[in-house]
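There are 2 protein chains.
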Amino acid sequence: MINRFVQKLRGLAELSLDDAAELERVTSQPRRYAARQDLIREGDETGPMFIVLEGWACRYKILPNGARQIMAFLMPGDACDLHIKLLAEMDHGIQALTSALVARVSQGDMQALMQRHPNIAAAMYSAQLVDEGIMRAWIVSMGRRSSIERVAHLICELYLRARGIGLTYDDEFALPLSQLVLADALGMTAVHINRVLKELRLEGAMSLGRGSVVICDLAKLIQIAGFDENYLHRRLR
Amino acid sequence: MINRFVQKLRGLAELSLDDAAELERVTSQPRRYAARQDLIREGDETGPMFIVLEGWACRYKILPNGARQIMAFLMPGDACDLHIKLLAEMDHGIQALTSALVARVSQGDMQALMQRHPNIAAAMYSAQLVDEGIMRAWIVSMGRRSSIERVAHLICELYLRARGIGLTYDDEFALPLSQLVLADALGMTAVHINRVLKELRLEGAMSLGRGSVVICDLAKLIQIAGFDENYLHRRLR
DNA sequence: CGATTTCTTGACATGGATCAAGCAATGTGG
DNA sequence: CCACATTGCTTGATCCATGTCAAGAAATCG
């Protein structure tokens with residue numbers, strides 16, 4: 001089993017064999033979560049840092065009226081909450097969307113690791129910056145993009161992220177998310193997502209079905225999305 | 001002149017007199033920016049870290065169709081882009097919204113400062129976590145809140161942030177943002193913002209006019225917004 | 001194999017956008 | 001300190017993108 005966390009960090013900084021071995025070590029005792037199981041809930045005390053090795057998870061929040069908003073997708077290789085221990089409790093939940101394998105690293109262990117391995121620290125900070133960039137892009141999408149642009153933009157993002165950790169096969173990749181989940185991430189209804197997906201299929205841009213997406217025409221998808229090629233692509237110093 | 005940056009960090013961690021003096025020192029040579037002047041533009045090389053001492057600024061992005069989305073407001077005391085040097089170029093711009101006084105601290109100086117003063121580092125990381133929480137809250141607002149809820153939620157957020165740095169007078173605080181700017185932050189049109197503000201005024205929740213807001217009934221505003229009392233309030237460990 | 005969940009499509013409703021016009025404030029150069 | 005320009009605020013009329021409700025089909029689960 002390839003360790004996607006190591007693979008991702010390798011893409012963000014030069015890691016020595018020793019760095020990589022240490023990362024393998026701290027993630028060697030992952031725990032299995034079932035789909036829909038919470039890793040942590042809103043209101044819980046902040047816990048360890050989570051590192052997703054396999055499967056998908058999301059950050060989410062439930063509003064007083066019962067609506068759910070997903071604020072981020074976590075795919076293999078993604079970690080979260082680097083300094084979270086500084087706060088007392090979670091203001092949102094994290095939930096597995098599929099069966100998932102998740103390593104948990106205590107704040108102390110992670111801090112020690114980053115002190116001993118400056119390259120790991122640099123990679124972690126880069127990952128953090130990329131994640132913030134993704135959040136900003138989501139704000140832009142929700143605020144100023146039409147529904148079809150939003151869907152196209154999210155799929156572009158997920159496709160490039162999947163490619164970065166070697167999870168794509170040509171123009172296809174596994175996307176085990178129901179239309180309801182996509183709707184809750186994009187701030188729309190499942191019904192409307194369905195219509196938009198049909199439109200994108202008819203336009204020949206992409207086709208989503210049965211747990212995977214085929215990118216039929218990436219250039220067209222990027223153009224529909226108004227996707228900024230710099231985003232997620234940005235050269236590191 | 002009170003240094004709002006020091007004041008804000010004091011609220012996030014115990015700072016010694018020496019810590020505070022150092023913070024004063026690195027921000028002692030601020031630069032004045034005019035309203036609408038860019039501190040840095042999309043595509044520019046990443047530069048120093050910015051610390052707003054006086055006035056307001058925002059992060060923003062212009063889309064291919066010319067629409068603008070504001071992704072964050074920076075008010076006195078706010079800093080940005082702690083590790084930004086790790087990336088090659090900016091994926092968004094930062095612009096002064098009013099005349100503003102902004103200190104600039106190089107990545108190297110900041111790193112040295114944080115190494116010598118662990119309490120400052122802890123405060124900076126806390127500030128970062130709060131900022132991330134704000135971004136998540138914006139995503140939730142844009143995705144799942146109605147326009148009146150969104151406006152109320154933003155005003156709650158800004159009111160509490162202003163209060164945290166001593167910028168409120170009773171139930172009033174200076175909000176030098178035009179309705180167009182609010183619209184670009186909330187993903188709506190200026191026309192609709194105007195109608196919503198009228199509704200909030202008639203409801204007796206708040207009243208915005210001529211550069212300042214009066215919170216007439218905070219409880220009501222919070223209730224309209226579905227504002228999570230934990231948010232921005234969370235106890236630090 | 002029955003029970004959920006997910007997908008799909010149609011008919012209809014509506015929140016917020018768009019367009020338009022006038023007014024109020026603020027800024028600027030003479 | 002005035003005339004004029006610019007920007008921001010306010011309101012009305014109309015439109016449309018997306019939500020809501022409903023119902024059947026397809027897939028998946030237990």
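Chains as they are written, first to last, in UniProt numbering: chain A, 1 to 237; chain B, 1 to 237. C-beta atoms are modelled at their ideal positions from N, C-alpha and C, and glycine is treated no differently. Just so it is clear, the structure is predicted and the values come from calculations on it, not from any experiment.
- Rounded to whole angstroms, the Cβ separation of residue 5 of chain A and residue 23 of chain A is 6 angstroms, and the two are in contact under 8 angstroms.
- At a cut-off of 8 angstroms between beta carbons, residue 229 of chain A makes no contact with chain B.
- Residues 120, 121 and 124 of the same chain have their beta carbon placed closer than 8 angstroms to that of residue 114 of chain A, with the five preceding and five following residues left out of the count.
- When the alpha-carbon of residue 21 of chain A is set against those of A:112, A:62 and A:3, the nearest one is in A:3.
- The beta carbon of residue 19 of chain A sits closer than 6 angstroms to those of 117, 119 and 120, all from its chain and outside the five residues before and after it, given in chain order.
- According to DSSP, residue 38 of chain A shares a beta bridge with A:95.
- Interface criterion not met: the Cβ of residue 110 of chain B is under 8 angstroms from no Cβ in chain A.
- Burial of residue 85 of chain B is indicated by the presence of at least 16 other C-beta atoms within 10 angstroms of its C-beta.
- Interface residue (Cβ-Cβ distance to chain A less than 8 angstroms): residue 135 of chain B is classified as such.
- Each residue's CA atom was taken as its position, placing residue 42 of chain A and residue 61 of chain A some 8 angstroms apart.
- 138, 139, 140, 142, 143, 144 and 145: these are the residues of the stretch 138-159 of chain A whose beta carbon lies less than 8 angstroms from some beta carbon of chain B, given in chain order.
- Residue 26 of chain B is positioned such that its CB atom lies no closer than 8 angstroms to that of residue 102 of chain B.
- Residues of the stretch 102-132 of chain B that bring their beta carbon within less than 8 angstroms of a beta carbon in chain A comprise 122, 125, 126, 128, 129 and 132, in sequence order.
- Between the alpha carbons of residue 110 of chain A and residue 201 of chain B lies a distance of about 49 angstroms.
- Pairing residue 175 of chain A with residue 197 of chain A gives a Cβ-Cβ distance that is not under 8 angstroms.
- The beta carbon of residue 49 of chain A sits no closer than 8 angstroms to any beta carbon of chain B.
- The beta carbons of residue 107 of chain A and residue 71 of chain A sit no closer together than 8 angstroms.
- Contact annotation: residue 188 of chain A and residue 147 of chain A have beta-carbon atoms nearer than 8 angstroms.
- When only Cα atoms are considered, residue 15 of chain A and residue 165 of chain A end up about 16 angstroms apart.
- Residue 226 of chain A sits close to residue 64 of chain B, with the two beta carbons spaced by under 8 angstroms.
- Secondary structure note for residue 134 of chain B: its alpha helix (DSSP H) is the uninterrupted segment 118-144.
- Between residue 10 of chain A and the set A:169, A:217, A:127 and A:138, the nearest pair of CA atoms involves A:127.
- Annotation: residue 89 of chain A to residue 220 of chain A spans about 43 angstroms, alpha carbon to alpha carbon.
- Annotation: residue 168 of chain B to residue 177 of chain B spans about 16 angstroms, alpha carbon to alpha carbon.
- A buried status is given to residue 151 of chain A, since no fewer than 16 other beta-carbon atoms sit within 10 Å of its beta-carbon.
- Between residue 66 of chain A and the set B:145, B:153 and B:229, the nearest pair of CA atoms involves B:145.
- Among the bridge pairs identified by DSSP, residue 168 of chain A is matched with A:173.
- The Cβ atoms of residue 96 of chain A and residue 37 of chain A sit closer than 8 angstroms to each other.
- Across the stretch 177-193 of chain A, CB contacts with chain B closer than 9 angstroms involve 184, 185, 186, 187 and 188, in sequence order along the chain.
- At a cut-off of 8 angstroms between C-beta atoms, residue 89 of chain B counts as an interface residue with respect to chain A.
- Near chain A, meaning a CB-to-CB distance below 9 angstroms, the residues of the stretch 67-80 of chain B are 67, 68, 69, 70, 71 and 72.
- Burial check for residue 209 of chain B: the Cβ neighbour count within 10 Å stays below 16, so the residue is exposed.
- In the three-state reduction of the DSSP assignment, residue 108 of chain B falls in the helix class, which pools H, G and I.
- If you ignore the 5 residues before and after residue 13 of chain B, its C-beta comes within less than 8 angstroms of the C-beta of 119, 120, 122, 123, 126 and 236, all in its own chain and listed in chain order.
- Contacts between residue 226 of chain A and chain B, judged by CB atoms closer than 9 angstroms, involve 63, 64 and 65 in chain order.
- Here DSSP, grouped into helix, strand and coil, assigns residue 50 of chain B to strand.
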